[in-house]
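Q: Quick note on our numbering: the sequence shown kicks off at 240 and runs consecutively.
Yeah, the Cβ is synthetic: ideal placement off N, Cα and C, and Gly gets one too.
Quick caveat: nothing in here was measured; it's all calculated off a predicted structure.
Quick one: the structure is below, and I'll ask about it shortly.
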Amino acid sequence: RIAGLKDEGYIPSPKIIDELKGSAPAPTMIAVQKIFGLPSDTPGLSDIKLAQNDRQTIGKNIEQAL
């Protein structure tokens, strides 16, 4: 639903964002911030990256451990 609003050109106002902060669960706020490209108010959340499976690095680490 939220992504659909963005696709239709909707941009939430700062007032709406403030109202959401008081009533919406944290995961919803994170989704809104990510979908609309808003800055994150929660320290560290903007630094979260997807885990990557790098087989070469894993293999090298295993070899070094042996």
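1) What's the C-alpha gap between G210 and P266?
2) Over the uninterrupted alpha helix (DSSP H) stretch that includes P253, give me the two end residues.
3) Measuring straight from C-alpha to C-alpha, what distance separates S262 and M268?
A: This is what the structure gives:
1) Outside the displayed range of the chain (240 to 305) lies residue 210, so it cannot be described from this structure.
2) Element bounds for P253: 253-262.
3) Answer to the nearest angstrom: the Cα atoms are 10 Å apart.
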